[in-house]
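Count along the sequence shown from 1, then add 3; that gives the number in this note's numbering.
Ideal Cβ placement from N, Cα and C applies to all residues, glycine included.
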Amino acid sequence: MDFDDSPEEAAFRLECRAWLEANANVRRPGVAEVWQTLRPRDEAEDDASLLRGKRWQALKSDAGFAGIQWPVEYGGRGLSAHLAGVFKQEEARFDVPANSFQVGVDMVGPTLIEHGTAAQCRRYLDAIKRGDEVWCQLFSEPGAGSDLAGLSTRAVRDGDEFVVTGQKVWTSGAQSADWAILLVRTSPERPKHHGITFLLLDMSSPGVDVRPLKQIDGAVHFNEVFLDEVRVPVGNVVGDIDRGWGVAMTTLTNERSAIAGGGMVQFDEVLMLARELGRTGDAVARQKLAKLYTYFRITRFLGYRVQTAVSNGRPPGPESSVMKLHISRQYGDGGDLLMWLLGANGMTWLADAPFDGFFQGLFLAQWVPRIGGGTDQVQRNIVGERVLGLPAEPRVDKDVPFRDL
């Protein structure tokens, strides 16, 4: 595999860079998108950040840099997932709002394009691309995280509507979302991977109760969402009733492609801290930095493989699990290295800390990729079964009706 830009990629990268330089400021050292997202903020800051994000998303959309990989007929540019990743790499160098639209643009949009009706595409896609409507993902439940097919949120049909009752949890951005993609169980008499339906939910519907989950650092990034007899039109079903599992797999495949294209934390931040502290001449520090850099490069190369698969119309194979494990490893090792470099200063926080606690924030964020989007343990099981050929865990529930579990 050639890791250098092709002529097409190089030209597109220059186009992206020129537009970004004309419309945004280069990010000052120590401020990364992940810290904008995870640091503690009050409600007023959240509202201001979302408004700034909507303006930036609309600006990107007007310039053709939103929905880059979407087909032209749906307002995109019809380019590859890899080229969409090139824009994200360039955008990460600039001081732009945290991405509140990844669920919509990178997950909901491609899912509607593949499985939605013409009416659904007309109604939602342009608003998604422009950032007029914010989306969240209502998949995980208290009893269904890694085993997502174990979800129990129930939807009972009543004429032209479904009546939905249940609870979702660990939902990022639900407090700001206008719409949600929602997995519900419509036929509990069928095995658990069947009888699931994929819905589009208006978050302002009566019976939707969003409750923020305050984290130990004071930030509120996740929410639990209670659904109490919420009525959803049958016209909001994506795909077929009872066959939502396959639709959800499309969503999660596009999530992996989006992860592969970006890079929440850049090695440059870690290197910057080492330079600021005068540690780059330290032999042990240099060894640790070299090891971490290796993980970053491996992750980027695995990301290229995932993007290539998606661009060619193939679902990513186990390389996406290996990539995610490397992301977890670089977060963990990177966080540990940051604290090692900071020494006693690593115990300070926010205004009392160097760089306003940015590096402490990265250290605390290392658990995000280890749990979110499929735990490390789940990824290792996938690698063990699909790469190493190890026997799968016995599945006694495979053909058992969900209601009997």
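Note down the Cα distance separating residue i from residue j, rounded to an integer number of angstroms.
i, j, result
"Ala-121", "Tyr-77", "10 Å"
"Glu-227", "Gln-178", "10 Å"
"Thr-114", "Val-106", "11 Å"
"Asp-65", "Arg-282", "45 Å"
"Arg-16", "Asp-379", "33 Å"
"Thr-373", "Glu-48", "Note that residue 373 is Arg in the sequence shown here, rather than Thr. Spanning the two alpha carbons is a distance of roughly 28 Å."
"Leu-62", "Leu-340", "37 Å"
"Met-267", "Asp-285", "For Met-267, the predicted structure reports a pLDDT of 46, less than 50, and the residue's modelled location is therefore unreliable. A value from the coordinates is still provided. Cα to Cα, Met-267 sits roughly 27 Å from Asp-285."
"Ala-95", "Leu-408", "46 Å"
"Val-371", "Leu-128", "29 Å"
"Gly-364", "Thr-156", "34 Å"
"Asp-212", "Leu-280", "47 Å"
"Ala-147", "Glu-396", "18 Å"
"Gly-346", "Ala-277", "12 Å"
"Gln-290", "Thr-297", "11 Å"
"Arg-80", "Gly-349", "45 Å"
"Glu-272", "Val-75", "36 Å"
"Leu-353", "Cys-124", "43 Å"
"Lys-83", "Asp-355", "Reading off the sequence shown, one finds Ser at residue 83, where the question assumed Lys. For Ser-83 and Asp-355, the distance between alpha carbons rounds to 44 Å."
"Phe-104", "Thr-351", "32 Å"
"Ser-52", "Pro-100", "7 Å"
"Arg-188", "Glu-164", "14 Å"
"Val-223", "Ala-14", "40 Å"
"Val-287", "Asp-8", "33 Å"
"Gln-218", "Ile-330", "22 Å"
"Arg-317", "Thr-253", "11 Å"
"Gln-170", "Arg-55", "31 Å"
Assuming residue i contacts residue j under a Cβ cut-off of 8 Å, what Cβ separation, rounded to an integer in Å, is found between them?
i, j, result
"Asp-231", "Leu-295", "So it is not a contact: roughly 47 Å between Cβ atoms."
"Val-241", "His-118", "5 Å"
"Gly-387", "Lys-327", "Actually they are not in contact, since the Cβ atoms of Gly-387 and Lys-327 sit about 14 Å apart, beyond 8 Å."
"Phe-270", "Phe-229", "So it is not a contact: roughly 41 Å between Cβ atoms."
"Asn-257", "Asp-109", "6 Å"
"Thr-112", "Trp-73", "For the record, residue 112 in the displayed sequence is Gly; it is not Thr. Right, the Cβ-Cβ distance comes to about 6 Å (below 8 Å), so this counts as a contact."
"Tyr-334", "Ala-368", "7 Å"
Here's a check: name, in chain order, each residue in its chain whose Cβ is nearer than 8 Å to the Cβ of residue i, leaving out the five neighbours to either side.
i, result
"Ser-207", "Asp-181"
"Pro-404", "Pro-191, Glu-192, Arg-193, Pro-194"
"Ala-251", "Phe-142, Leu-151, Leu-186, Ile-199, Phe-201"
"Val-233", "Val-166, Val-167, Thr-168, Leu-204, Ser-208, Pro-209, Gly-210, Val-211"
"Arg-214", "Asn-226, Glu-227, Val-228, Phe-229"
For residue i, I'd like the list of residues in its chain whose CB is within less than 6 Å of its CB, leaving aside the five on either flank, ordered along the chain.
i, result
"Ala-312", "Pro-319"
"Val-34", "Low confidence applies to Val-34: its pLDDT is 49, below 50, so where it sits in the model is not reliable, and the reading given next is rough at best. Cβ neighbours of Val-34 beyond the five flanking positions: none."
"Asp-98", "Asn-28, Arg-30"
"Ser-190", "Gly-198, Asp-245"
"Lys-57", "Gly-134"
"Val-381", "Ser-149"
"Phe-366", "Gly-338, Leu-341, Met-342"
"Ser-324", "Gln-382, Ile-385, Val-386"
Looking only at its chain, what residues have a beta carbon closer than 7 Å to the beta carbon of residue i, apart from the 5 residues adjacent to it on each side?
i, result
"Lys-401", "Pro-194"
"Phe-225", "Trp-173, Thr-174, Ser-175, Leu-216"
"Phe-90", "Cys-19, Phe-68, Ile-71"
"Glu-322", "Leu-305, Arg-308, Val-309"
"Cys-139", "Val-106, Thr-174, Ser-175, Gly-176, Ala-177, Ala-180, Ala-183"
"Leu-203", "Trp-182, Ile-184, Asn-239, Val-241"
"Ala-130", "Glu-136"
"Ser-314", "Ser-83, Ala-84, His-85"
"Asp-359", "Leu-353"
"Leu-23", "Glu-93, Glu-94, Phe-97"
"Val-390", "Pro-321"
At a threshold of 7 Å, does residue i count as lining the ligand SAM (C-beta to nearest heavy atom)?
i, result
"Ala-261", "Ligands in the displayed structure: none, and consequently the ligand SAM is not present."
Per DSSP, what are the beta-bridge partners of residue i in this structure?
i, result
"Glu-227", "Arg-214"
"Gln-140", "Ile-184"
"Lys-171", "Val-228"
"Val-235", "Phe-165"
"Val-99", "According to DSSP, Val-99 bridges with nothing at all."
"Asp-205", "Trp-182"
"Val-159", "Val-166"
"Ala-147", "Glu-144"
"Arg-332", "DSSP, once it has assigned bridges, lists no residue as partnering Arg-332."
"Pro-194", "Pro-404"
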